[in-house]
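Undergrad: Chains as they are written, first to last, in the working numbering: chain A, 1 to 337; chain B, 1001 to 1156; chain C, 2001 to 2154; chain D, 3001 to 3388. Think of the CB as a built atom: it goes at the ideal place given N, C-alpha and C, for glycine as much as any other residue. Before anything else, here's the structure in question.
Structure (structure tokens):
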């Protein structure tokens, strides 16, 4: 192993700061030139790619580290994303930001509660086939709509749980990859982008995912994502966000996320299946969820996704990660064979 | 830059509760403490005996023979006397932290050195020496905590 | 989750002193007098609230504060009747993004002054687009919550 | 190896106790400075790298979100590199790889810390796990004191000699800081004051220890094409190295300190350096503690093990010596942790481009920058040169 790039975040790390000090040796990095990203594990993936593309390393181990069970509730931690003077005094956390975003989405584009709940039904349905999923239960729209109000208009079943998630991914440069496996999956593109900080300074329905996706598509040479992406694993800590992200990823027009969902296109047997793994609604290790999405895409391309393997041929997969309030920061990776 | 008191300063204390899992190896280690035993682990590849016990060798990255009892005596490899105090400090000064190489082990065990008068740094300096033999002194009541060993005291 | 394994209770306690700097100090001093200060960017001509030391868009340094209207329109809102960490006060609470008149961003604050015990009652009054107005606490200490909440204008 | 990478400018905030500005405003000082110093427009940046020590030091988590505006990052790709105390050098290394990979031509790298808003020692204690070692290790000074004691025992260096050499470094660096407009602690010290200062953790005394500083540093990394197009006097990245050891203090030897030796070796090999004392013109060694700076001279091959005290007392590493170390005053006088390693890089770049003003080492062509982090566990080194 040439280098190790891990992702972890101090507040999401069991109260042990400088997280990668702690798991340095457990991450096989003893006397290695290694580094770490904070916040989102797809950052770590892109940094590992940089190290390989620079010609300095033939191989890299990418780790996503988040042991949710050791942490308090995610919102206690996301509360500390706020500035101390203004937003913290109003009690802001990620769920509140998402609730505000959801209401704007419903009000501006007529997205319905049923469509948002539908995402939960679809994703938890898919999760039943995923041995790695945290939440496994069969649910109907009515169950979601009847679940308790957490922060109106968000109900508890529309919000992702707090999960364990430690994931390791091995990257290698071309010649080494061909030596190691008959079925390499190739890096095609990556893009990330961050929005302004204060919630009130942003348009919560026109954020930076568009920019991140455009960058990834450019590098990957994708001009029509609707046609060229075979499967998308996207990060929807709040179910309605999946609909909004469809729009930003170019799967449908602005405001059409609900209709696009209703068309069935994103079901496991649809034209562009989204979250056949069950998504973040089924498993939410805050920091490593982006890398999970990528690993799921990898398994789909290799045909190794077990019961959740798509029936159609998968050549190109998209993985998405987001963190920060209402999608302040996004990362998109494209892989293919 | 001078501290300008004409600007507001917002004071706050953050308190975040976490729960860390012991896992099987560390559970066995602390069960050992309750019985006044110190457990280490032997790496099956590099053959080093590491203390405290662990589930893998940090260098060879393989599983280890994970609980073997080690000696409660050893030699001081390094030490320092802490005189300052800060917020939330887990152990109150003055105290001596030390790296202790327990007999038959290949890594230093970090613990306290005690059983001597700590009030005068000059006396401590003259008394505590690198290479000095020390021995674990246990508390009466053991709860499976690292401080079940009160400290390591000089062997007379 | 059931607890089959031993865990160690690890409470991290850290004390903090946050420097408010010149601009937030002006903002807080305004609150003490019942005034809401924002900043107007000389470059993009947008008005931001709370007062900022720099424009979040063009990053121009902003020295002057301007008084902002205490009325505006609700852009979005969220309601909870459960206690959560960091909650301002006791439940129920309505947190909202409010566009105060003459500003170019949304102000995060609370809504109140109506029956909030029951969500349906709230929904009959609070809607996106309604006009609201600042209601102040009698005692003002230079704190975000010197404004008690924003109340629907009837 | 990848594409050549240049540093084309830097900016530092004024470091110190900065209760006059908010944390974002402090970061903005450094970011504004780098654009002002280079005349480059923020729109031309391809990406931003940011990092601090544990972000809860200042009570705000995932601070890249908080600083998105002042980092000029809106709509741009971002990375958040964090490796404890070595964050600063890891940031620079991230900037290097981003450009070397061909994925960007111009990358803004920023590190910051506002240590006075929190309690640094309380925060650093949380770097240790709560099961075994948190109870024993008194923040950073505890770890460094034990390292120094083990060093003196291993090579039989008399305590008095170490004290003399450490005192020399402390006096020199606090003097050097007067020539650094950004430095935090500037003080004329006497031997008596240093030798008899209060004990922090024996043998470390007050003037052996770095301060808690608030500050930020910004550095621009550019591809060869971009550097040439802009026509800026650039420092070229000649070598990088980074290595890390086990987490538990006690698992590895901190005297003949493998990760320090390895980090330097990787960087020297890449830069083609065989005799660092001769081939380097200046070194910005990460020196939060006087004793540790001495040990680094040995681990980095500036001299043999056991020699550092004698050579220091002879003035080999002073401003006029053979290999001047920390002419900026170093970490000992200024330590905003998340920015500190990047400050070393910025200072080294200023030296090899002849822009270090009154702290300039005449004719410096090759410089070393370094940072350390974790539980004395990580070391990172970058070599900069005036020629490509």
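Using only CA atoms, which one of D:3136, D:3181, D:3345 lies nearest to residue 1099 of chain B?
TA: Stepping through the second chain from its first residue, residue 1099 of chain B is reached at position 99. The candidate whose alpha carbon is nearest that of residue 1099 of chain B is D:3136.
Undergrad: Mapping DSSP to helix, strand and coil, what is residue 1056 of chain B?
TA: On the second chain, residue 1056 of chain B is found 56 positions in, with the first residue counted as 1. DSSP places residue 1056 of chain B in strand when its eight states are reduced to three.
Undergrad: For residue 2014 of chain C, which residues in chain D fall below 9 Å Cβ to Cβ?
TA: Position 14 of the third chain, counting from 1, holds the residue named residue 2014 of chain C. Neighbours of residue 2014 of chain C on chain D, chain order: 3056, 3057, 3059, 3118, 3119, 3122, 3123, 3126.
Undergrad: Which runs of the alpha helix (DSSP H) spanning at least 4 residues fall entirely within the segment 125-199 of chain A, listed in chain order?
TA: As far as the segment 125-199 of chain A is concerned, its whole alpha helix (DSSP H) runs of at least 4 residues are 141-146, 174-180.
Undergrad: Can you give me the C-alpha to C-alpha distance between residue 3119 of chain D and residue 1085 of chain B, rounded to a whole angstrom?
TA: One-based indexing of the fourth chain puts residue 3119 of chain D at position 119. One-based indexing of the second chain puts residue 1085 of chain B at position 85. Roughly 11 Å separates the two Cα atoms.
Undergrad: Taking the C-alpha atoms as reference points, what is the distance between residue 297 of chain A and residue 215 of chain A?
TA: Working through the first chain from its first residue, we reach residue 297 of chain A at position 297. Working through the first chain from its first residue, we reach residue 215 of chain A at position 215. Going by the C-alpha atoms only, they are around 19 Å apart.
Undergrad: Whose C-beta lies closer than 8 Å to the C-beta of residue 51 of chain A among residues of the same chain, with five residues either side of it excluded?
TA: Position 51 of the first chain, counting from 1, holds the residue named residue 51 of chain A. Answer for residue 51 of chain A: 2, 3, 5, 57, 60, listed in chain order.
Undergrad: Would a check of beta-carbon distances place residue 3375 of chain D closer than 9 Å to chain C?
TA: Here residue 3375 of chain D corresponds to residue number 375 of the fourth chain, with the count starting at 1. Not an interface residue.
Undergrad: With burial defined as no fewer than 16 other Cβ atoms inside 10 Å of the residue's Cβ, what is the status of residue 2141 of chain C: buried or exposed?
TA: For the purposes of this step, residue 2141 of chain C is taken as residue 141 along the third chain, with counting starting at 1. It counts as exposed.
Undergrad: Which ranges does the alpha helix (DSSP H) cover as unbroken runs of at least 4 residues, wholly within the segment 3144-3217 of chain D, from first to last along the chain?
TA: Qualifying alpha helix (DSSP H) stretches, in chain order: 3159-3176, 3191-3195.
Undergrad: Give the secondary structure of residue 36 of chain A by DSSP, where H, G and I count as helix, E and B as strand, and everything else as coil.
TA: Translated into the one-based positions of the first chain, residue 36 of chain A becomes position 36. Note: residue 36 of chain A maps to strand in three-state DSSP.
Undergrad: Note down, in chain order, each residue of its chain lying with its Cβ closer than 6 Å to the Cβ of residue 3301 of chain D, except the 5 sequence neighbours on either side.
TA: Taking the fourth chain and counting its residues from 1, the one referred to as residue 3301 of chain D is at position 301. Answer for residue 3301 of chain D: 3276, listed in chain order.
Undergrad: Any idea what DSSP makes of residue 3337 of chain D, helix, strand or coil?
TA: Counting from 1 along the fourth chain, the entry for residue 3337 of chain D is found at position 337. Looking at residue 3337 of chain D - three-state DSSP - the assignment turns out to be helix.
Undergrad: To the nearest angstrom, report how far apart residue 152 of chain A and residue 1107 of chain B are at their CA atoms.
TA: If you number the first chain from 1, residue 152 of chain A lands on position 152. If you number the second chain from 1, residue 1107 of chain B lands on position 107. If you take the alpha carbons of residue 152 of chain A and residue 1107 of chain B, they lie about 55 Å apart.
Undergrad: With H, G and I counted as helix, E and B as strand and the rest as coil, what does DSSP make of residue 3292 of chain D?
TA: Taking the first residue of the fourth chain as position 1, residue 3292 of chain D is located at position 292. Looking at residue 3292 of chain D - three-state DSSP - the assignment turns out to be helix.
Undergrad: Distance check for residue 186 of chain A and residue 180 of chain A, CA to CA, integer angstroms please.
TA: To locate residue 180 of chain A, count along the first chain from 1; it is residue 180. To locate residue 186 of chain A, count along the first chain from 1; it is residue 186. Roughly 13 Å between the two C-alpha positions.
Undergrad: For residue 1002 of chain B and residue 3020 of chain D, what's the separation of their Cα atoms in angstroms?
TA: On the second chain, residue 1002 of chain B is found 2 positions in, with the first residue counted as 1. On the fourth chain, residue 3020 of chain D is found 20 positions in, with the first residue counted as 1. Per-residue confidence for residue 1002 of chain B stands at a pLDDT of 42, beneath the threshold of 50, marking its modelled position as unreliable; the derived number appears in the next sentence. Approximately 8 Å between the Cα atoms of the pair.
Undergrad: Can you list the beta strand (DSSP E) stretches of 3 or more residues lying completely in the segment 15-64 of chain A, in chain order?
TA: Runs found: 35-37.
Undergrad: For the segment 3015-3048 of chain D, which residues have a beta carbon sitting closer than 9 Å to at least one beta carbon of chain C?
TA: Within the segment 3015-3048 of chain D, the residues whose Cβ lies closer than 9 Å to some Cβ of chain C are 3018, 3019, 3020, 3021, 3022, 3023, 3024, 3025, 3026, 3028, 3031, 3032, 3042, listed in chain order.
Undergrad: Can you give me the start and stop residues for the beta strand (DSSP E) that residue 1081 of chain B sits inside?
TA: Walking along the second chain from the start, residue 1081 of chain B turns up at place 81. Per DSSP, residue 1081 of chain B belongs to the beta strand (DSSP E) from 1073-1082.
Undergrad: Which term fits residue 3132 of chain D, buried or exposed, when burial requires 16 or more other beta carbons within 10 angstroms of its beta carbon?
TA: To locate residue 3132 of chain D, count along the fourth chain from 1; it is residue 132. It counts as buried.
Undergrad: So, for residue 1030 of chain B: in the same chain, excluding its five sequence neighbours on each side, which residues have a beta-carbon less than 6 Å away from its beta-carbon?
TA: Here the question's residue 1030 of chain B lines up with position 30 in the second chain. So the qualifying residues of the chain are 1144.
Undergrad: Would you call the CB atoms of residue 3050 of chain D and residue 3042 of chain D closer than 9 Å?
TA: Start at 1 with the first residue of the fourth chain, and residue 3050 of chain D comes out as number 50. Start at 1 with the first residue of the fourth chain, and residue 3042 of chain D comes out as number 42. Against a cut-off of 9 Å, the Cβ pair of residue 3042 of chain D and residue 3050 of chain D comes out as no contact.
Undergrad: Alpha carbon to alpha carbon, how far is residue 218 of chain A from residue 3263 of chain D? Give it in angstroms, no decimals.
TA: Working through the fourth chain from its first residue, we reach residue 3263 of chain D at position 263. Working through the first chain from its first residue, we reach residue 218 of chain A at position 218. Near 36 Å, if we compare the C-alpha coordinates of residue 218 of chain A and residue 3263 of chain D.
Undergrad: Comparing the C-beta of residue 2035 of chain C with each C-beta of chain A, is any distance below 9 Å?
TA: Position 35 of the third chain, counted from the start, is the residue given in the question as residue 2035 of chain C. No, no contact with chain A.
Undergrad: Is there at least one Cβ from chain C nearer than 9 Å to residue 1053 of chain B's Cβ?
TA: Translated into positions along the second chain, residue 1053 of chain B becomes position 53. So, not an interface residue.
Undergrad: Thinking just about the alpha-carbon of each residue, which of A:281, A:97, A:133, A:136 is nearest to the one in residue 160 of chain A?
TA: Locating residue 160 of chain A in the first chain gives position 160, where the first residue counts as 1. Answer by Cα proximity: A:281.
Undergrad: In this structure, how does DSSP classify residue 3303 of chain D when only helix, strand and coil are distinguished?
TA: Within the fourth chain, numbered from 1, the residue matching residue 3303 of chain D stands at position 303. DSSP places residue 3303 of chain D in coil when its eight states are reduced to three.
Undergrad: Between residue 210 of chain A and the rest of its own chain, which residues show a CB-CB distance below 6 Å, the 5 nearest in sequence each way excluded?
TA: Locating residue 210 of chain A in the first chain gives position 210, counting from the first residue. Hits under 6 Å: 248.
Undergrad: Go ahead and pull the three-state DSSP assignment for residue 1014 of chain B.
TA: For the purposes of this step, residue 1014 of chain B is taken as the residue at position 14 of the second chain. Note: residue 1014 of chain B maps to strand in three-state DSSP.
Undergrad: Measure from the C-beta of residue 3225 of chain D to each C-beta in chain B and report whether the shortest distance is under 9 Å.
TA: Locating residue 3225 of chain D in the fourth chain gives position 225, where the first residue counts as 1. Closer than 9 Å: no.
Undergrad: Kindly identify the DSSP beta-bridge partner or partners of residue 3383 of chain D.
TA: Translated into positions along the fourth chain, residue 3383 of chain D becomes position 383. DSSP, once it has assigned bridges, lists D:3239, D:3368 as partnering residue 3383 of chain D.
Undergrad: Output needed in chain order: residues of the segment 65-86 of chain A with a Cβ under 9 Å from some Cβ in chain B.
TA: Cβ contacts with chain B: 67, 69, 70, 71, 72, 76, 77, 80, 84, 85.
Undergrad: If contacts are defined as beta-carbon pairs under 8 Å, then residue 3366 of chain D and residue 3279 of chain D qualify, I think. What distance do you get, rounded to the angstrom?
TA: The count along the fourth chain starts at 1 and reaches residue 3366 of chain D at position 366. The count along the fourth chain starts at 1 and reaches residue 3279 of chain D at position 279. Right, their Cβ atoms sit about 6 Å apart.
Undergrad: Roughly how many angstroms lie between the CA atoms of residue 134 of chain A and residue 3269 of chain D, to the nearest whole one?
TA: Residue numbering aside, residue 134 of chain A sits at position 134 when the first chain is read from its first letter. Residue numbering aside, residue 3269 of chain D sits at position 269 when the fourth chain is read from its first letter. Whole-angstrom Cα-Cα distance: 47 Å.
Undergrad: Check the Cβ-Cβ distances between residue 250 of chain A and every residue of chain D, and say whether any is below 9 Å.
TA: By one-based count along the first chain, residue 250 of chain A stands at place 250. Taking Cβ atoms only, chain D never reaches closer than 9 Å to residue 250 of chain A, which makes this a no.
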